[in-house]
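Residues in the sequence shown are numbered from 47 upward in steps of one, following our numbering. Each residue gets a CB set at the ideal place from its N, CA and C atoms; glycine is no exception.
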Amino acid sequence: MTPLNEDLTRRWIELGTTPQDLGPRIAGGEEATSSDDLELHKHWPAGLAPVAEALPGDPTPDDPLPEADYLVITWTVAELEALAAVLTPGVSRNQWYRYARGFEASYLPKIRDHAPARVAKRLGSYYLTRIGTARVLCFKSELHLNQDGILQPSGFATLPVKDLFQQLIKEVKPKLVITAGTAGATYPGHHLGDVFVTRAATFYCRSEFAKAPFNKTTYRSDFVIKTGAFGHARELLRHQDAHLVEPDFGPPTAHYPDASQLVPGFKNRPSIRIDGGGGPGDLPAFQPILTTDTFELGTTGNKLEELGCGVEMGDAALGLAVEELGTPQRWLVIRNASDPAINASLPHGAKPFDMQAHWAVWYYESFGFWTSVNSTIATWAVIAGDHGGA
């Protein structure tokens, strides 16, 4: 992995991190972003608004996780903020319980120096919520496929996030695992904030896992997506559209020809695209998400849309973890396009300027929270529909 790729990925993961994020749980007093602030509280169907659920007494970081019907896992600070705002309204991300079960004995030997989990000194944080009668455990991971691994004599790195998936599944005993968060769009026609709901994930690794036996493997889930709540979810997306308007653009200085001429911005109208959904704009059945081990992005020219619906860094490890457990393949990937397919005519590569990566990161930094609200709404729709409430 090149320093450029590692630095960009770390920047993505840690954007918005505060000292409180790296410390113990805050029991109260921290202002929380909530669905009230997003005005979603006015639009939930009766009886299906998410309701945060505190545990009876503060668990220690070494305690096992409580059991739940659904397990939702996310990855970055922006994704966590959106998950907390929508699914644990009124409870800030730093009021979530800290989780470090087996961290020092089982995980630290597999995690390289300066990785996010070593800095945070834990595996993640979590909180419970209710959607109707469904009990949902929301979890933010501090482990990341391309940040943790230590290169082994086998020629590929350790993969502690796979072990974490298996530990969470054994403790929570969910009937469905959802990994949710941001991704780079691969389809040139997809909008900023589009949501991809897919039952497949492929390892697309070209760095520390290029030689791994699981590289290039596609994993599929046998989960049947019930779409009864998606119509309502698509209506909820419309309340975020004003936050997903791309600004006017122009040359950065007056030295360029026609520097005063701006290219008008673009008003996105995101949709939820379901694999095998059969509706306008839906995805082919089992079109995978692409799990990479280095910073990758879709462009208008690299044709990644022929391989998958988006690029991210972790979801195929869930497919691998579930396959090794031998449990029913009931898992789902719900990712939002935090950066659209980038213009392939822009300069790219580490030298002299990687303007494609520059703009991909800029999109995430500008829109990561709001696009993650969209994927969290889709997560709500999956659970509400599957549990019989919609």
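Here F332 is near R245, since their CB atoms are less than 9 Å apart. Residue pairing from DSSP places V118 in a beta bridge opposite C184 and I224. Residue pairing by DSSP places R176 opposite V97 and R181 in a beta bridge. For V357 and Y302, the gap between their C-alpha atoms comes out near 33 Å. A residue is called buried when at least 16 other Cβ atoms come within 10 angstroms of its Cβ; R319 meets this threshold and is buried. Nearest C-alpha to N348 among L392, D108, I429 and F269: L392. At a Cβ-Cβ threshold of 9 Å, T264 and P310 do not count as neighbours. Our two residues, V207 and L191, have alpha carbons roughly 6 Å apart in a direct line. Looking at the backbone, the Cα of G277 and that of L197 are separated by about 46 Å. Secondary structure remark: continuous alpha helix (DSSP H) runs of at least 4 residues inside the region 354 to 397, in chain order: 361 to 371.
If you check the CB distance, T228 and S421 come in under 9 Å. Contact between the region 87 to 95 and the region 116 to 130 is not established, with fewer than three Cβ pairs separated by less than 8 Å.
With respect to the C-alpha of A367, the residue from A288, D194 and L214 having the closest C-alpha is L214. According to the DSSP secondary-structure assignment, K257 is paired through a beta bridge with no residue. Secondary structure of G230 (DSSP, three-state): strand. Bounds of the beta strand (DSSP E) holding T264 are T264 to R266.
In terms of Cα proximity to T248, the closest of H237, F260 and F242 is F260.
The region 278 to 296 makes no contact with the region 358 to 378, as fewer than three CB pairs between them are under 8 Å. By the C-beta criterion, the region 108 to 127 is judged to be in contact with the region 53 to 71, since at least 3 inter-stretch pairs fall below 8 Å. With contacts defined as CB atoms closer than 9 Å, G195 and F255 qualify as a contacting pair. A distance of 9 Å or more separates the beta carbons of D109 and P220. Following the DSSP letters along the chain, one finds I423 in no beta strand (DSSP E) but inside the alpha helix (DSSP H) bounded by residues M401 to D432. When DSSP reads this structure, F249 sits in a beta bridge with T337. Approximately 6 Å separates the beta-carbon atoms of R168 and Y145; this is inside 8 Å, confirming the contact. In the displayed model, A203 falls within a strand according to three-state DSSP. Residue pairing by DSSP places I320 opposite V243 in a beta bridge.
The three-state reading of DSSP puts G170 in strand, counting E and B together. The continuous stretches of beta strand (DSSP E) do not include R280, which lies in the alpha helix (DSSP H) extending over residues F276 to L283. In this structure, the alpha-carbon of C355 lies about 22 Å from that of L282. In this structure, DSSP gives R139 a helical state, which the three-state scheme calls helix. DSSP, reduced to helix, strand and coil, places F269 outside both helices and strands of the structure shown, so it counts as coil. Distances from the CA of L189 to each of P199, R181 and V123 were compared; the closest alpha carbon is that of V123. Rounded to whole angstroms, the separation of the alpha carbons of P297 and I157 is 42 Å. Its Cα nearest to that of L329, the residue H236 stands out among L86, H236 and L94.
The Cβ-Cβ distance between L343 and D294 does not fall below 9 Å.
Nearest to E292 by alpha-carbon distance, out of W426, A406, E113 and P96, is A406.
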